[in-house]
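Each remark here refers to the structure printed beneath this line.
There are 2 protein chains.
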Amino acid sequence: MSITPFLPPVRTLMGPGPSDVHPRILEALSRPTIGHLDPQFVQMMEEVKAMLQYAFQTKNELTIAVSAPGSAGMETCFVNLLEAGDKAIVCQNGVFGGRMKENVERIGATAIMVEDEWGKTIDLNKVEEALKANPDAKVLAFVHAETSTGASSDAKALCELARKYDCLSIVDAVTSLGGSELRVDDWGIDTIYSGTQKCLSCTPGISPVSFSDKAVAAVKARKTPVQSWFLDLNLVMGYWGKNAKRAYHHTAPVNAMYALHESLVMLQNEGLENAWQRHYKNHLALRAGLEAMGLEFVVDEANRLPQLNSVTIPEGADDADVRSRLLNEFNLEIGAGLGALAGKVWRIGLMGHSSRAENIMLCLAALEAVLGNKVKTGVALAAAQKQLSA
Amino acid sequence: MSITPFLPPVRTLMGPGPSDVHPRILEALSRPTIGHLDPQFVQMMEEVKAMLQYAFQTKNELTIAVSAPGSAGMETCFVNLLEAGDKAIVCQNGVFGGRMKENVERIGATAIMVEDEWGKTIDLNKVEEALKANPDAKVLAFVHAETSTGASSDAKALCELARKYDCLSIVDAVTSLGGSELRVDDWGIDTIYSGTQKCLSCTPGISPVSFSDKAVAAVKARKTPVQSWFLDLNLVMGYWGKNAKRAYHHTAPVNAMYALHESLVMLQNEGLENAWQRHYKNHLALRAGLEAMGLEFVVDEANRLPQLNSVTIPEGADDADVRSRLLNEFNLEIGAGLGALAGKVWRIGLMGHSSRAENIMLCLAALEAVLGNKVKTGVALAAAQKQLSA
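Going down the list, the sequences are from chains C and Y.
The numbering of the first sequence is this note's numbering, which starts it at 1 and goes up by one.
The numbering of the second sequence is this note's numbering, which starts it at 1001 and goes up by one.
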């Protein structure tokens, strides 16, 4: 065996995440490792917490970064709030609602599913009916920004419904955090999880989460221990909590935390609302180009995520072949469809550092080069440019 | 709020982990992020798997890196092998055996504890008695290298006992992998987990695990789903498995995997047995210096881990003050005692890239400077040097 160092190609990442990581963040990642109980590391964690509170727009004391990817952030919310025998109402309008169901059932709890078509927003009326029909439900769980389709749902209204029917809300904000409007306190969100590798443009592997005081009280009032030792917030709070004794729980991914810190400093410097605005403006430009080519969006305009653009694959185009050519000829990654949309759509991400004029231009030019006469040629770039200059 | 970039101090890490990370590995960490389903990333994962098989000395097909720290690696082994109602025999001679018990109980299984004094090796006779008394036990779990004490146990003999009584073994090798002899196939280990931040000298955050075919068959024969979606190996195998369709499960921590790859390339180049030898040789030098100062080891010579040296805090020395001065005056981190040994011992790590002559000299010189006349002065460095030149 003689394996040599891995030198990755330089890609432009316009799939559903990871997004392009800014060189500043990659540099932060490579700063010297220190101990996870070093006083300076502990101080840095406090800063990460403060900046996550800003990104989530919350004062929640329990706002931390779980030391594992977004799917572990999801599991953190479910295993801490739910116990065997509990009931949760789970909205599904894409892949991740289905994963929520898996989480509920593996706890020994019951998932009442409210299903909408993939690519549609969550229907508030159906959710209210389910809440009425299940007065014993403890949790309402939904995806704010469905990464599998590019549809957003009305998190504010859904959380109002949850409160009205005395449920705690669990909100998936993996793709929304930092990319489009999200206000945890104003919207009354009880628990929320996200990922670092989408609109924060950090490397993958960490999951920011936030729990309201009401959610923390529910965790503390559990009758049974949390089934996961690693994700038990009662233990994690001993490490992250205010005035905590910094009790050793697990070894934090030190360098990954440097990177998250740096990405949050960049978000703070740009300003959260400016970041939302940039994602929206760049979406309009990409959209102008894609529509000029004749490509159609999967999601209605009203519920379309600016950071994740799902378009229907044009007739005659071979899904895998097109993506493979984009990757091999232009080092450009776009996303395939997932689940029910596999083979039918492409998902083009404009997340975080990927949401830039030059990426839009590359994507349109490369798509046109590869798709040739399967789309309308010669018009996309000007349409996008016009929108960028608007 | 105006938080600035975090510029960590440059420490020498001689605690129980993280250990010093080689600059090559930090550089690998900062290479450009690519997609977790990129064909080149998938190819790199195959190389990581092959090199982990080498590090573990196994042909186990299911040899992978869990996308979370060692405690999640521990949980991966327990939640995949055990179901509610099962029985596990758990050996405890330090902190981590206690954590194993927590894992067993949160599954709804029963833990039969075999306890030994902290700092002692696991007593084979007591284990055999427990196995005899519990013919319905499914698992024997133990820590090969107790990070909380520096004691090693006879993993080969313990796995033989497990087989004799028809149990599957779960082995904690967080501190042993890459630092001292460990032979998964020869010793008949069924499931094993480790961490990246100890003797592999990689950044913390990833947990290498390996499952024998017999263990995989047990996972596949479960009657109930694995309680953790994130750690369910039935799903993870779809991503890592041979001829797997690379089914999307979670977003791998791409850059952390670059770092693990690089650390394994370095291990391959040094040679596994050479790495074990280096850890042992450097331990002898540190030990000569520490003993010349009059410091006493917690663990008997026969069961002492070369990579983790626990010594009794000398009379009159203030634990926290000494560690704090080492950190502030010399940027040197050594470890505090944990659990029953808190305030009584220091844990001095010589793991991976930290296991170097210059670290030994710095540690001895700094300890002497800070401890002053609480130890015998002026003799430690020569004693260590003599051993290094031997």
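Idealized CB from N, CA, C, for every residue including glycine.
Note that the structure is predicted; figures quoted are calculated from it, not measured.
For residue i and residue j, which I take to be in contact (beta-carbon distance under 8 Å), what is that distance rounded to the nearest angstrom?
i	j	result
Ala137 of chain C	Lys198 of chain C	Not a contact, Cβ separation roughly 29 Å.
Ser1201 of chain Y	Gly1352 of chain Y	3 Å
Val375 of chain C	Gly294 of chain C	5 Å
Leu1371 of chain Y	Val1298 of chain Y	With a Cβ gap of about 17 Å, Leu1371 of chain Y and Val1298 of chain Y do not count as contacting.
Ala1072 of chain Y	Ala68 of chain C	6 Å
Gln92 of chain C	Met74 of chain C	Not confirmed; about 14 Å, so no contact.
Gly1337 of chain Y	Arg1325 of chain Y	With 8 Å as the limit, Gly1337 of chain Y and Arg1325 of chain Y do not qualify as a contact, their Cβ atoms being about 17 Å apart.
Asn1373 of chain Y	Ser1212 of chain Y	About 54 Å; that fails the 8 Å criterion.
Arg1031 of chain Y	Leu177 of chain C	Not quite, the Cβ-Cβ distance comes to about 25 Å (not below 8 Å), so this is no contact.
Gly188 of chain C	Cys159 of chain C	5 Å
Thr1147 of chain Y	Leu1327 of chain Y	Contact flag wrong, Cβ pair sits at about 20 Å.
Ala1084 of chain Y	Ala1109 of chain Y	6 Å
Val1405 of chain Y	Leu1081 of chain Y	Because chain Y in this structure spans residues 1001 to 1390, residue 1405 of chain Y falls outside the shown range and cannot be described.
Gly1195 of chain Y	Gly1070 of chain Y	3 Å
Met257 of chain C	Met44 of chain C	7 Å
Val143 of chain C	Asp172 of chain C	4 Å
Arg1099 of chain Y	Pro225 of chain C	Not quite, the Cβ-Cβ distance comes to about 13 Å (not below 8 Å), so this is no contact.
Lys49 of chain C	Trp240 of chain C	7 Å
Ala292 of chain C	Val379 of chain C	4 Å
Is it the case that the Cβ atoms of residue i and residue j are separated by a distance below 8 Å?
i	j	result
Pro18 of chain C	Asn331 of chain C	no
Gly316 of chain C	Arg1011 of chain Y	no
Ser310 of chain C	Thr149 of chain C	yes
Val216 of chain C	Ile192 of chain C	no
Leu267 of chain C	Ala275 of chain C	yes
Leu29 of chain C	Asn1282 of chain Y	no
Ser207 of chain C	Val79 of chain C	no
Thr1033 of chain Y	Val265 of chain C	no
Leu62 of chain C	Ser180 of chain C	no
Leu286 of chain C	Ala384 of chain C	yes
Ile89 of chain C	Asn134 of chain C	yes
Gly119 of chain C	Ile334 of chain C	no
Val1104 of chain Y	Gly1339 of chain Y	no
Ser1354 of chain Y	Asp1038 of chain Y	no
Ala1365 of chain Y	Leu1381 of chain Y	yes
His261 of chain C	Glu46 of chain C	no
Asp1185 of chain Y	Thr1058 of chain Y	yes
Leu393 of chain C	Leu161 of chain C	Because chain C in this structure spans residues 1 to 390, residue 393 of chain C falls outside the shown range and cannot be described.
Leu235 of chain C	His249 of chain C	yes
Leu1124 of chain Y	Ala1157 of chain Y	yes
Lys1434 of chain Y	Ala1111 of chain Y	The structure shown does not extend to residue 1434 of chain Y, since chain Y spans only 1001 to 1390, so no value can be given for it.
Thr1121 of chain Y	Asn1303 of chain Y	yes
Ala1357 of chain Y	Leu1388 of chain Y	yes
Met1 of chain C	Tyr1054 of chain Y	yes
Val1345 of chain Y	Thr1312 of chain Y	yes
Ile64 of chain C	Ser263 of chain C	no
For residue i, list the residues DSSP reports as bridge partners.
i	result
Asn1309 of chain Y	Y:Ile1348
Pro1208 of chain Y	Y:Ala1065
Gly335 of chain C	C:Arg347
Ala88 of chain C	C:Ala111, C:Val139
Arg1278 of chain Y	DSSP output for Arg1278 of chain Y lists no bridge partner at all.
Thr12 of chain C	C:Leu332
Phe297 of chain C	C:Val311
Arg1304 of chain Y	Y:Ala1151
Mind checking if residue i is an interface residue toward chain A, Cβ cutoff 8 Å exclusive?
i	result
His1250 of chain Y	Looking for chain A here will not work: the only protein chains present are C and Y.
message: Just to confirm the assignment: which complete alpha helix (DSSP H) runs, minimum length 4, are found wholly within the region 210–235 of chain C?
response: 213–220
Proximal residues, the region 1265–1280 of chain Y versus chain C, C-beta separation under 7 Å: Val1265, Gln1268
>> Counting only Cβ-Cβ distances shorter than 8 Å, please list the residues of the region 1320–1350 of chain Y near chain C, keeping chain order.
In response: Leu1327, Glu1333, Leu1338
If the cut-off is 8 Å on Cβ atoms, which residues from the region 177–203 of chain C count as contacting chain Y, listed in chain order? Gly195, Gln197, Thr203
Segments assigned alpha helix (DSSP H), at least 4 residues, entirely inside the region 107–195 of chain C
124–133, 155–164
**Prompt:** Mind listing which residues of the region 27–45 of chain C have their C-beta closer than 9 Å to chain Y's C-betas, in chain order?
**Reply:** Glu27, Ala28, Leu29, Ser30, Arg31, Pro32, Thr33, Ile34, Gly35, His36, Leu37, Asp38, Pro39, Gln40, Phe41, Gln43, Met44
field: chain C contacts made by the region 1148–1166 of chain Y, where a contact means CB separation under 9 Å
entry: So nothing in the stretch comes that close.
To be precise: take each residue of the region 45–57 of chain C, compare its Cβ to all Cβ atoms of chain Y, and keep it if any distance is under 8 Å. Which residues remain?
Glu47, Ala50, Met51, Tyr54
Could you run through the region 77–97 of chain C and flag, in chain order, every residue whose CB is less than 7 Å away from some CB of chain Y? none
Taking Cβ-Cβ distances below 8 Å as the criterion, which residues of the region 1097–1129 of chain Y are in contact with chain C? Arg1099, Glu1102, Asn1103, Glu1105, Arg1106, Ile1107
Check: Which residues, in chain order, does the region 282–316 of chain C contribute to contact with chain Y at a C-beta distance below 8 Å?
Finding: none
Using a Cβ cut-off of 7 Å, which residues of the region 254–265 of chain C contact any Cβ in chain Y, in chain order? Val254, Asn255, Ala256, Tyr258, His261, Glu262, Val265
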